[in-house]
């Protein structure tokens, strides 16, 4: 449960950074960022797989570049459902998820290294004799 909370928190903080860095993305408040983080997670787990399968031929033709468009569509779709979260431009829709991914990866790694409820995949290589 704490891992899900910190994942949601990391995504919300990442969205606030996207709001600052990317033109065309607007997040009004931190609660709006928390709700947007949840809706983005739901969108990515439900709508994105279907869009990815539909765009598969285009994805092959563009050598994977259409995945950025699919991510942008999911990001924009999440903004439609959350008051206080808006995507105003194509640049925001395409660049927002890319920056969100980078910042979210950094924050998740930060929380995991400090053992703040996030799980990491580490192996114990110590051999006892």
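Residue numbers (the working numbering): 7 to 135. Glycine is no exception: its CB is placed at the ideal position from the N, C-alpha and C atoms.
Whether residue 33 touches residue 24 by CB criterion (9 Å) | Taking the first residue of the chain shown as 1, we reach residue 33 at position 27. Taking the first residue of the chain shown as 1, we reach residue 24 at position 18. Closer than 9 Å, so yes.
Excluding the 5 residues preceding and the 5 following residue 43 in the sequence, name in chain order all residues of the same chain whose CB lies nearer than 7 Å to its CB.
-> Residue numbering aside, residue 43 sits at position 37 when the chain shown is read from its first letter. Taken in chain order, the residues that qualify are 14, 17, 18, 21.
Pairwise C-alpha distance: residue 9 and residue 29 = Here residue 29 refers to the residue found at position 23 of the chain shown. Here residue 9 refers to the residue found at position 3 of the chain shown. Cα to Cα, the separation comes out at about 31 Å.
Under the three-state DSSP convention, the category residue 34 falls into = Here residue 34 is taken as the residue at index 28 of the chain shown, counted from 1. DSSP places residue 34 in coil when its eight states are reduced to three.
Do three or more CB pairs link the region 71-82 to the region 92-109 at distances below 8 Å?
-> yes
Can you name the start and end residues of the beta strand (DSSP E) that residue 93 belongs to?
-> Locating residue 93 in the chain shown gives position 87, where the first residue counts as 1. First-last of the beta strand (DSSP E) with residue 93: 91-93.
Unbroken alpha helix (DSSP H) run spanning residue 65, endpoints = Taking the chain shown and counting its residues from 1, one reaches residue 65 at position 59. Its alpha helix (DSSP H) spans residues 62-67.
How would you label residue 117, buried or exposed, when you count the other beta carbons within 10 angstroms and need 16 or more for buried?
-> Here the question's residue 117 lines up with position 111 in the chain shown. Per the 10 Å Cβ criterion, buried.
So residue 84 packs on residue 92, CB below 8 Å; how close in whole Å?
-> Locating residue 84 in the chain shown gives position 78, counting from the first residue. Locating residue 92 in the chain shown gives position 86, counting from the first residue. The pair is not a contact, with the Cβ atoms about 11 Å apart (cut-off 8 Å).
When we look at the beta-carbon of residue 69 and count the other beta-carbons within 10 Å, is it buried (16 or more) or exposed?
-> What you label residue 69 is simply residue 63 of the chain shown in a count that begins at 1. Looking at its Cβ environment, which holds fewer than 16 other Cβ atoms inside 10 Å, residue 69 is exposed.
Would DSSP call residue 102 helix, strand or coil?
-> Here residue 102 is taken as the residue at index 96 of the chain shown, counted from 1. Residue state, collapsed to three classes: helix.
Through-space distance from residue 78 to residue 97, alpha-carbon basis | One-based indexing of the chain shown puts residue 97 at position 91. One-based indexing of the chain shown puts residue 78 at position 72. Computed Cα separation, rounded: 9 Å.
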